[in-house]
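What follows is one structure encoded as structure tokens, with my remarks underneath.
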Amino acid sequence: MGVKTLPRKIYVTRKLPEDIESRLAEHFDVRSWDEEDKPVPRETLLEEIKDVDGLFCMITEKIDEEILQAGKHLKVVANMAVGYNNIDVETATANGITVTNTPDVLTETTADLAFALLMASARRLTETSDTLRKGEWGAWSPMQFTGQDIFGATLGIIGLGRIGEAVVKRAKGFEMDVLYHSRTRKKDKESELDIGYAELDQLLTKADFALLLLPYSSESHHLIGKRELALMKENAILINASRGGIVDEDALYHALNNGEIWGAGLDVYEQEPVPTDHPLLTLSNVTAVPHIGSASVKTRRAMADLAADNLIEGLNGKKAVTPVNL
Ligand code: DGY
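FYI, the numbering for the sequence shown is 152 to 477, going by the numbering used here.
Okay, here's the thing in structure tokens:
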């Protein structure tokens, strides 16, 4: 008679769709934080992590050295996001813990949102919709509610990964000239996608739209600050669909408030949820949405499924599906 092994234990930091919870329960002894909209308190996570083999977490959890050290049995940390700057990957690697993310499944959805934010900012969609709802439309007049053209404009993409490439395809439908900047130049992509490489300063000087799509790290922290904003055209729009910390928000507020740049479209903030009294939210030339880049029903389900697959494979002696380290 074979020795019966106990099911592996996992902790899930948020309420998931029921069928995905059931799938996890077929493989694991699952405990979870059952709230949909509230992240698990850190003290609870520090307690829950102690005896589990796997963690299913979100970008709202800071998985730092303290949490990783407390997880004495931890083998896999599955982040339900493509970005994983919330996790101390170096410490995880040193402790033999596999970290996984959810690439590919969210590429097109996030590219849709980045482009939607670009269009909404250029044509002032949220601002003018609010004006209409408040009964402040007034009579039609020649320059009322005028925005910036998208068709034929120059788009500068900073960070040409999978999402950046997907945005290029959308931009080409609008006959945009596309420049890109990334740490490593991708010559093969330049002819394939009909785009040009530019140094960051050159891109900022030329772009009508500067779109941030690069990962957040100590290197990209405040990559866009006062100096960089000053390089942009007066009619330019900055779009951030990656991580808030890439932009110095104080500098952005001043550039927008002083008319140094024309507008900004933001999906991400240095602090999330962004406080409602944040200075940027007082500006009518800011189009602000709450970190919804990957938020389509289909994509969020696919991300949860992929994070589940990573735990199932990774904790059953196989290689995780989308590891970022081991
Ligand atoms: C990601 O996947 O990194 C997004 O920011 C969250 O959807």
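Glycine included, each C-beta is placed from N, C-alpha and C at the ideal position.
Bear in mind the structure is a predicted one, so any value in this text is a computation, not a measurement.
- Looking at the backbone, the Cα of Ser183 and that of Leu283 are separated by about 44 Å.
- Per the C-alpha coordinates, the member of Glu217, Gly234, Leu269, Glu421 positioned closest to Asn246 is Glu217.
- Secondary structure of Val398 (DSSP, three-state): strand.
- A straight-line Cα-Cα distance of about 9 Å links Glu326 and Thr305.
- The secondary-structure analysis by DSSP pairs His332 across a beta bridge with Ile309.
- A straight line joining the alpha-carbon of Ala415 with that of Gln422 spans about 17 Å.
- Between Leu344 and Val319, the C-beta spacing is below 8 Å.
- Taking the C-beta atoms as reference points, Lys377 is found nearer than 8 Å to Asp399.
- Every residue with a CB closer than 6 Å to a heavy atom of the ligand DGY is listed here in chain order: Ile210, Ala232, Val233, Gly234, Leu257, Gly444, Ser445.
- DSSP places Ser445 outside both helix and strand once states are collapsed to three, so it counts as coil.
- Between Lys357 and Gly307, the C-beta spacing is below 8 Å.
- Check the Cα spacing between Leu466 and each of Val227, Gly347, Ser447: the tightest is with Val227.
- Rounded to whole angstroms, Thr260 and Ala322 show a C-alpha spacing of 15 Å.
- A straight-line Cα-Cα distance of about 29 Å links Asp188 and Gly315.
- The DSSP-derived three-state label of Leu206 is strand.
- Contact annotation, Gly312 with Leu363: C-beta distance approximately 12 Å; criterion of less than 8 Å not satisfied.
- Remark: C-beta atoms of Leu382 and Tyr404 do not approach each other more closely than 8 Å.
- Here Asp180 carries a strand assignment [DSSP, helix/strand/coil].
- Nearest Cα to Leu167 within the set His429, Arg159, Val181: Val181.
- Between the segment 252–267 and the segment 231–239 there are three or more inter-stretch CB-CB distances shorter than 8 Å, so the stretches are counted as touching.
- Counting only residues of its own chain and dropping the five nearest sequence neighbours on each side, Asp328 has a CB closer than 6 Å to the CB of Thr305.
- Thr244 and Ile200 have their alpha carbons spaced roughly 17 Å apart.
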